[in-house]
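Colleague: Quick one: the structure is below, and I'll ask about it shortly.
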Amino acid sequence: MNNKVLIIITGAIVGALAVLLVISGNPPNMGMCIACFLRDVSGGLGLHRANTVQYIRPEITGLVIGAFTTSVITREFRVWGGSSTFTRFILGFFVMVGMLVFLGCPLRMILRLSAGDLNALVGLVGLIAGVVLGTVFLRKGFTLGQAVIQNKSNGYLFPAMFLAFLVLLLAAPSFVFFSEQGPGSMRAPLFISLGAGIIIGVLAQRSRLCLIGGLRDLILFKEFYMLYGFIAILFVALAGNIIVGYFNLGFAGQPIAHNDGVWNFLGMALGGFGCVLLGGCPLRQLIAASEGNTDSAVTITGLLLGAAFAHNYGLAASPKGVPMAGQAAVVIGFVVVMCIAFFNVYYNVKARKSSRREVAVSDGN
Amino acid sequence: MEIKDARGLACPEPVLMVKGEIDKLGSGIIKVLVNTVAAKENISRLAKNQKWSVAITEEEDGWLITLTK
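Laid out in structure tokens, this is it:
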């Protein structure tokens, strides 16, 4: 199939399913959100105790099952890893902090926009700024290094872990948390959530949909391809929201959002900056981890821990706004991610210079 | 003929690597090894946009992309 057609179809289906999930019970403007749902999973497992955002979202397991199965069938399941693994973990951590200050990943940002939430437009500007900042370092030679082929068994752990989470959800032992109020209590029926996740997982695996990649490739290569997916999500979800009466244009009173422009901008800028260095948005990381990329699997655990910290230490935003601790965390996040980017480039340049000087350099690393 | 090894690199490094070669050479042959479908497709798309012809062969742990112009 023509790739452009595939990415547009993927975007359209993601947009339609997102609206369907909200109609079926998911939180408003949150039919699908990788950051929010990983936060809910983190809470469902009891890693944080914010009692409004605890639920082992079956959408996430669905995405993993869909992408894993498709990659196995198409022989694209390849187990690689071992490039700057701990750095990815730290980046994942701060990406989540930034996104929980904005209240959504790039996917939810589009969905919020499609429901008329103009704060998401501020987030988009922040995301673009973050991506631009990241590409500056990419152009200067930022690299997380080359991954290597790993034993195939490594690749099965990530899908197995999310399958185990699904079992925990179904078995509901007493140590698993289920929110009784707030967004975590708003859930589409399990089969719809799981089914929608699987469908999006299959399509995202086939089309390589990546919302960070879309902006990044536009900036680096003037390449529009990935943005067609973006635009398709926006328009189909917009049409859906208007039809079902969820469209409400404005800044104030938007569901599960705040209208503090500065922190919407900075939160998403931190998320965008970190994601460019990681090579993809949270959705893409999840799909890549399901396809056997164990570095992406570590990134997801970084996101999960970031969410746990964000809620245990009161960093995450709420409709009331962004707490002081959250503002400080975003500033710290910028410093950390900036240091990671700067020193990576610094040592790369230094290594290149010294390898040019020493002719007989041994390959002993 | 040197084969560029872009295996194990995250997006968009394989494409940046190839773009650097395309800009440097202008025409000729570029061979690059990749291990992810995303890299394979992104490189193919970039090369086609720059009017290079693309041939792909499957290798044991990835794909060998040969670009010619």
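Chains D and B, in that order, are what the protein sequence lines are.
Okay, so the first sequence: first residue is 2 according to our numbering, each after it adds one.
Okay, so the second sequence: first residue is 25 according to our numbering, each after it adds one.
Every residue gets a Cβ at the ideal spot worked out from N, C-alpha and C, and that includes glycine.
This structure is a prediction, so every number in the text was calculated from the model and none was measured.
1) Do D:Asn313 and D:Arg50 have their C-beta atoms closer together than 8 Å?
2) Return the CA-CA distance between D:Ser363 and D:Asn155, expressed in angstroms with no decimal places.
3) Where does D:Asn260 fall in DSSP's three states?
4) If the cut is a Cβ gap below 8 Å, which residues of chain B does D:Glu77 touch?
5) Listing by chain order, which chain B residues have their CB less than 7 Å from the CB of D:Leu145?
6) Any heavy atom of the ligand ADP closer than 7 Å to the CB of B:Leu40?
7) Starting from the Cα of D:Gly214, find the closest Cα among B:Lys28, B:Thr60, B:Pro36 and give me that residue.
8) Using a C-beta to C-beta distance shorter than 8 Å, which residues of chain B count as neighbours of D:Val149?
9) In the DSSP assignment, what residue or residues form a beta bridge with D:Trp81?
10) When you compare the CB positions of D:Asp118 and D:Asn30, do they come within less than 8 Å of one another, or not?
11) Could you name the residues of the same chain whose beta carbon sits closer than 7 Å to that of D:Phe141, not counting the 5 residues immediately before and after it, in chain order?
12) Run through DSSP, which three-state label would B:Val42 get?
13) At what residues does the alpha helix (DSSP H) containing D:Gly131 begin and finish?
14) Please list, in chain order, all residues of the same chain as D:Leu122 whose beta carbon is under 8 Å from its beta carbon, the five residues on each side excluded.
15) Work out the CA separation of B:Arg31 and D:Gly135 for me, nearest whole Å.
16) Which residues, taken in chain order from the region 220-232 of chain D, show a beta carbon closer than 8 Å to some beta carbon of chain B?
17) Does B:Asp85 have its Cβ less than 8 Å from a Cβ in chain C?
18) Return the residues of the region 36-60 of chain B that lie within a Cβ-Cβ distance of less than 9 Å from chain D, sorted by chain order.
19) Can you name the start and end residues of the beta strand (DSSP E) that D:Ser180 belongs to?
Modeller: Inspection of the coordinates gives the following:
1) yes
2) Because the pLDDT of D:Ser363 is 48, which lies under 50, any placement of that residue in the model is unreliable, and the number read from its coordinates should be weighed accordingly. Near 30 Å, if we compare the C-alpha coordinates of D:Asn155 and D:Ser363.
3) coil
4) Val61
5) Ala34
6) Only the bare structure without any ligand can be found here, which leaves the ligand ADP out of the picture.
7) B:Pro36
8) Gly32
9) D:Ile150, D:Asn294
10) yes
11) Correcting the residue type first, residue 141 of chain D is Lys in the shown sequence and not Phe. These residues qualify, in order along the chain: Val346.
12) helix
13) 120-140
14) Leu114
15) 22 Å
16) Leu221, Phe222, Glu224, Tyr226
17) Although the question refers to chain C, the structure presented lacks it and instead comprises the protein chains D and B.
18) Pro36, Glu37, Val39, Leu40, Lys43, Asn59, Thr60
19) Where D:Ser180 is concerned, there is no enclosing beta strand (DSSP E), given that its DSSP letter is neither H nor E.
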